[in-house]
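*Asks:* Just passing along the structure, written as structure tokens.
Number of protein chains: 2
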Amino acid sequence: MEQYDPDAQVDHDGPVPPYKQLAGILAARIERGDWAPNRAIPAETRLAQEYGIARSTVRRSIALLVERDLLFVVPQRGTFVKPRQ
Amino acid sequence: MEQYDPDAQVDHDGPVPPYKQLAGILAARIERGDWAPNRAIPAETRLAQEYGIARSTVRRSIALLVERDLLFVVPQRGTFVKPRQ
DNA sequence: TTTCATTTGTACGTATGTATT
DNA sequence: TAATACATACGTACAAATGAA
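In the order they appear, the protein sequences are chains V and P. Residue 1483 is where the first sequence starts when you use the working numbering, and the numbers rise one by one after that. Residue 1483 is where the second sequence starts when you use the working numbering, and the numbers rise one by one after that.
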């Protein structure tokens, strides 16, 4: 995955699909320490609002980061930063 | 994954979500030999029609089987049965 | 106990883009 | 030109579980 500016916004007009952009941005924010391990990131609906994309798109981004072991999801509770393995 | 009847249909009222049901059904059909290795399975739209579910749901099922190395996708060409590893 | 808000899970339909046939 | 097929994104709706009030 590319390196992203943790303060970047999602660009709807570029060649990189928004779901990949957001995954990169969130990875950068985790790396920076915006959220401590075992702490929840903002809810999907909140992220959708903040980045101006659909919740279904946010979910695709999160799925990427879960696959990369950066996040884990607890149904009905939230999405959490995974402690370093 | 559970064992499925390759001739089963998708049940919208049961506890198992359709995308998991279809993944199981397709796995059973691959196992049975409905499609040879390196041959394409029906298109997503076709599967959606045949099983009475949305195309987006079909795609979730396929994603599961890609992850399990039963299928591989060639963009703009189709979804193919992976030869045994 | 009941109610309510929050959050993720699932499913649907629609639209547009790109590449191949 | 047209049809086909996958990639991406949007919005909507409802279900299920949790936890707070």
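Backbone N, C-alpha and C fix where the C-beta goes; we use that ideal spot for every residue, glycine too. The structure displayed is predicted, hence computed values, not measured ones.
Buried or exposed for residue 1492 (chain V), going by 16 or more other Cβ atoms inside 10 Å?
*Replies:* On the first sequence, residue 1492 (chain V) is found 10 positions in, with the first residue counted as 1. Result: buried.
*Asks:* Which residues in the same chain have their Cβ closer than 6 Å to the Cβ of residue 1510 (chain V), if we skip the five residues on either side of it in sequence?
*Replies:* Numbered from 1 along the first sequence, position 28 holds the residue referred to as residue 1510 (chain V). Within the same chain, residue 1510 (chain V) has close Cβ partners 1486 and 1488.
*Asks:* Exposed or buried, residue 1558 (chain V), counting other C-beta atoms within 10 Å across all chains shown (16 or more means buried)?
*Replies:* Translated into positions along the first sequence, residue 1558 (chain V) becomes position 76. Counting Cβ neighbours within 10 Å, residue 1558 (chain V) comes out exposed, since fewer than 16 surround it.
*Asks:* Work out the CA separation of residue 1495 (chain P) and residue 1515 (chain P) for me, nearest whole Å.
*Replies:* Along the second sequence, read from residue 1 onward, the residue named residue 1515 (chain P) stands at position 33. Along the second sequence, read from residue 1 onward, the residue named residue 1495 (chain P) stands at position 13. Going from the Cα of residue 1515 (chain P) to the Cα of residue 1495 (chain P) covers about 29 Å.
*Asks:* Looking only at its chain, what residues have a beta carbon closer than 7 Å to the beta carbon of residue 1565 (chain V), apart from the 5 residues adjacent to it on each side?
*Replies:* For the purposes of this step, residue 1565 (chain V) is taken as residue 83 along the first sequence, with counting starting at 1. Within the same chain, residue 1565 (chain V) has close Cβ partners 1519 and 1520.
*Asks:* Which residue from V:1551, V:1560 and V:1484 puts its Cα closest to that of residue 1528 (chain V)?
*Replies:* Against the first sequence, residue 1528 (chain V) aligns to sequence position 46. Residue V:1560 is the option with its Cα nearest to residue 1528 (chain V).
*Asks:* For residue 1553 (chain P), name the three-state secondary structure that DSSP assigns.
*Replies:* The count along the second sequence starts at 1 and reaches residue 1553 (chain P) at position 71. Three-state result, residue 1553 (chain P): strand.
*Asks:* Of the residues P:1506, P:1531, P:1525 and P:1540, which one's Cα is nearest the Cα of residue 1550 (chain P)?
*Replies:* For the purposes of this step, residue 1550 (chain P) is taken as the residue at position 68 of the second sequence. Among P:1506, P:1531, P:1525 and P:1540, the Cα nearest to that of residue 1550 (chain P) belongs to P:1506.
*Asks:* For residue 1498 (chain P), name the three-state secondary structure that DSSP assigns.
*Replies:* Residue mapping note: residue 1498 (chain P) aligns to position 16 of the second sequence, counting from 1. Residue 1498 (chain P): coil per DSSP, three-state reduction.
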